[in-house]
Structures are given as structure tokens and as C-alpha cells.
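Enquirer: In this note's numbering, the protein residues as written are 150 to 375.
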Amino acid sequence: LSYNEFWYERGIELTSDKRTSLVVDPPNGRIPYTEDFNRANGIRRLNLRNGFADHYTDRSLGDRCLMGSNSGPPMRPGSYNNNVLIMQVPGYVTIVNEHIHNTRIIAVSDQPHSDIRQWVGSSRGHFDGETLVVETKNFSRATNFSGSSKDTHLVERFTRVDDDTVMYEFTIDDPNNYTRPWTVAIPFRRTDGPLFEYACHEGNYGLTGIMAGARRLNTQAVEGTR
């Protein structure tokens with residue numbers, strides 16, 4: 150079984166200011182990739198289209214039900230399950246994403262970053278007036294957000310602009326794959342609904358079918374029938 154249009158939340162407008170890109174800097178709304186990244190990414194996409202999957206680790210974290218594609222950091226809207234629960238207690242802010250229920254626990258303090266590389270990096274927060282600023286670094290090699298690498302330096306800003314809206318902004322700086330830092334701005338709007346279960350797990354047939362299909366393609370290639 151696959152998804153159909155009933156499950157998708159495509160939305161009818163991007164933002165209230167009618168802009169056509171979530172990227173606000175550079176002003177042209179485009180991610181400033183390096184030429185080397187564009188060439189390497191083209192080869193990677195070709196391999197994906199050709200179905201190369203020699204090992205389960207060749208599949209994305211989303212395929213393996215480990216991290217949601219819209220959970221971040223940084224966070225971005227996806228096709229469905231975009232709800233986010235933000236909780237604040239003394240010394241910490243916790244962000245729970247509906248998509249595969251990733252949870253980030255952010256220390257709001259001046260303690261040093263962890264040297265251990267993680268999928269969600271090491272996050273530390275502080276308040277700049279009414280804005281929560283979260284700095285994240287030390288990402289794992291397994292993490293890739295629109296071309297980011299393990300050396301990404303991420304700054305997120307959460308500003309409550311009215312009772313029903315939090316303006317979420319993030320800036321990515323990674324000279325490995327971008328010619329300059331770039332910034333996205335997304336309004337988070339309040340919803341009265343709960344977070345729903347996203348029941349995704351590796352034993353739910355999907356990954357087994359992906360790997361079985363890849364082995365079948367290998368066999369056909371050897372036999373000359375592909």
C-alpha cells in the first residue's frame with residue numbers, strides 16, 4: 150500500500166506575504182550550492198533512481214523509520230504530520246515532532262557543546278530578548294539536510310510574534326557545500342489538535358521489500374534481463 154491524496158497536507162499558500170520560497174536569504178530564494186556539490190549530487194540522484202541499495206544503510210533515515218524528513222534540525226514543512234509540540238521548563242526547551250516522534254532536548258545555558266557527533270547535533274540555547282536562539286553543531290555523517298554536511302553550523306531562532314504564531318528562522322553555514330550562509334523563515338501557527346501517532350518502524354514490510362527488490366534487480370542485471 151502507498152499514500153494517496155487523502156493523506157497529504159499540501160496547503161494552499163506558502164506564507165501570508167505571498168513569497169514563492171521559504172529561503173529569504175539569498176534574496177533570490179535559492180540555496181547557494183557549490184558547483185562541486187551540484188555535480189556530486191547529480192551522481193547521487195542518478196544512483197537513487199537506478200535503485201542502488203547494496204545495504205540497508207544505503208537507504209535514507211526516513212526509509213528506515215529513524216528520523217522524519219521534516220523533523221530536523223532544522224525543521225521544515227513536509228507532506229504530512231507537520232505538527233510540533235514545544236515545551237519549556239527551567240533550563241531546557243523540548244521540541245517533539247509528530248513525524249516519527251523525534252524529540253530534541255535543548256539546554257538553555259552556556260555549557261559547552263558535546264563533542265559526540267549525533268544525528269541531531271549538539272544544541273545549546275539562549276534568549277535574545279523575546280527570541281530563543283539555538284546553536285547546533287557536531288552533526289553525524291548520516292545527517293543531510295538539503296546538502297548539509299557534518300561540519301554544518303546551524304542557528305535557529307524562535308520568536309512569538311502573536312498569540313497564535315511563532316516565527317521560526319534558521320541559518321545554515323557550511324562552506325563544504327554552500328558558497329555562503331543561507332536563511333529560511335517559516336511561520337508556525339497554533340493548532341488545537343493533538344499530536345497523532347506516526348507508526349513507522351523497520352519491520353513494517355517497507356525496508357524488506359526495498360532490499361528484496363534491489364537483490365532482484367542485481368540478479369536480472371547479471372542474467373542480462375534487466
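The beta carbon of each residue, even a glycine, is placed where N, CA and C say it ideally should be.
Among R364, R309, T292 and A256, which one has its Cα closest to the Cα of P336?
Expert: Walking along the sequence shown from the start, residue 336 turns up at place 187. Of R364, R309, T292 and A256, the residue nearest in Cα terms is R309.
Enquirer: Under 8 Å between the Cβ atoms of S381 and N287?
Expert: In the structure as shown, the chain starts at 150 and stops at 375, and residue 381 therefore has no counterpart that could be examined.
Enquirer: Hey, S228 and E158 are a contact pair by Cβ (cut 8 Å); roughly how many whole angstroms apart?
Expert: Walking along the sequence shown from the start, residue 228 turns up at place 79. Walking along the sequence shown from the start, residue 158 turns up at place 9. That pair is a contact at about 7 Å.
Enquirer: Quick check on DSSP: helix, strand or coil for R168?
Expert: Here residue 168 refers to the residue found at position 19 when the sequence shown is read from its first residue. Looking at R168 - three-state DSSP - the assignment turns out to be coil, as it is neither helix nor strand.
Enquirer: Would DSSP call V371 helix, strand or coil?
Expert: Taking the first residue of the sequence shown as 1, we reach residue 371 at position 222. Note: V371 maps to helix in three-state DSSP.
Enquirer: Looking at the structure shown, is R339 part of a helix, part of a strand, or coil, going by DSSP?
Expert: Within the sequence shown, numbered from 1, the residue matching residue 339 stands at position 190. Three-state result, R339: coil.
Enquirer: Rounded to the nearest angstrom, what separates G217 and Q260 at their Cα positions?
Expert: For the purposes of this step, residue 217 is identified with residue 68 of the sequence shown, where counting begins at 1. For the purposes of this step, residue 260 is identified with residue 111 of the sequence shown, where counting begins at 1. Using only the alpha carbons, I get a separation of about 28 Å.
Enquirer: Using a 10 Å radius around the Cβ and a threshold of 16 neighbouring Cβ atoms, would you call S165 buried or exposed?
Expert: Taking the sequence shown and counting its residues from 1, one reaches residue 165 at position 16. Exposed, because fewer than 16 other Cβ atoms sit within 10 Å of the Cβ of S165.
Enquirer: Let me know the alpha helix (DSSP H) ranges lying completely inside the segment 219-251, each 4 residues or longer, listed in chain order.
Expert: List check, alpha helix (DSSP H) in window: nothing returned.
Enquirer: Just reading off the beta strand (DSSP E) that M216 is part of, what are its end residues?
Expert: Within the sequence shown, the letter at position 67 stands for residue 216. Per DSSP, M216 belongs to no beta strand (DSSP E) and is neither H nor E.
Enquirer: If we count the other Cβ atoms within 10 Å of its Cβ and call it buried at 16 or more, is E372 buried or exposed?
Expert: Sequence index remark: in the sequence shown, residue 372 carries index 223 (1-based). It counts as exposed.
Enquirer: Between Y347 and N190, how many whole angstroms is the CB-CB distance? I'm expecting something under 8 Å.
Expert: Here residue 347 corresponds to residue number 198 of the sequence shown, with the count starting at 1. Here residue 190 corresponds to residue number 41 of the sequence shown, with the count starting at 1. Not confirmed; about 28 Å, so no contact.
Enquirer: Would you list the residues sitting across from K286 in a DSSP beta bridge?
Expert: Numbered from 1 along the sequence shown, position 137 holds the residue referred to as residue 286. S271, per the DSSP bridge assignment.
Enquirer: Does the beta-carbon of M224 have 16 or more other beta-carbons within 10 angstroms, so that it is buried, or is it exposed?
Expert: Translated into the one-based positions of the sequence shown, residue 224 becomes position 75. Buried: at least 16 other Cβ atoms inside 10 Å.
Enquirer: Is the distance from the Cβ of E305 to the Cβ of P222 below 8 Å?
Expert: Within the sequence shown, numbered from 1, the residue matching residue 305 stands at position 156. Within the sequence shown, numbered from 1, the residue matching residue 222 stands at position 73. Yes, the pair counts as a contact, with Cβ atoms nearer than the cut-off.
Enquirer: Let's test the definition: count the other Cβ atoms within 10 Å of the Cβ of R253 and tell me whether it reaches 16, buried, or not, exposed.
Expert: Numbered from its first residue, the sequence shown carries residue 253 at position 104. Under this definition R253 is a buried residue.
Enquirer: With H, G and I counted as helix, E and B as strand and the rest as coil, what does DSSP make of Y347?
Expert: Counted from its first residue, the sequence shown places residue 347 at position 198. DSSP places Y347 in coil when its eight states are reduced to three.
Enquirer: Exposed or buried, I244, counting other C-beta atoms within 10 Å across all chains shown (16 or more means buried)?
Expert: For this step, residue 244 is matched to residue 95 along the sequence shown. The residue is buried, with at least 16 neighbouring Cβ atoms inside 10 Å.
Enquirer: Near T183, what residues of its chain come up, given a Cβ to Cβ distance below 7 Å and the 5 sequence neighbours on each side ignored?
Expert: On the sequence shown, position 34 is the one that residue 183 refers to. So the qualifying residues of the chain are N326, Y327 and T328.
Enquirer: Apply the 10 Å Cβ neighbour rule to D323 and answer buried if 16 or more other Cβ atoms are within range, or exposed otherwise.
Expert: Mapped onto the sequence shown, residue 323 falls at position 174. Under this definition D323 is a buried residue.
Enquirer: Determine the closest residue to N187 out of I235, S297, A370 and T320, with distance taken between C-alpha atoms.
Expert: Counting from 1 along the sequence shown, the entry for residue 187 is found at position 38. Of I235, S297, A370 and T320, the residue nearest in Cα terms is S297.
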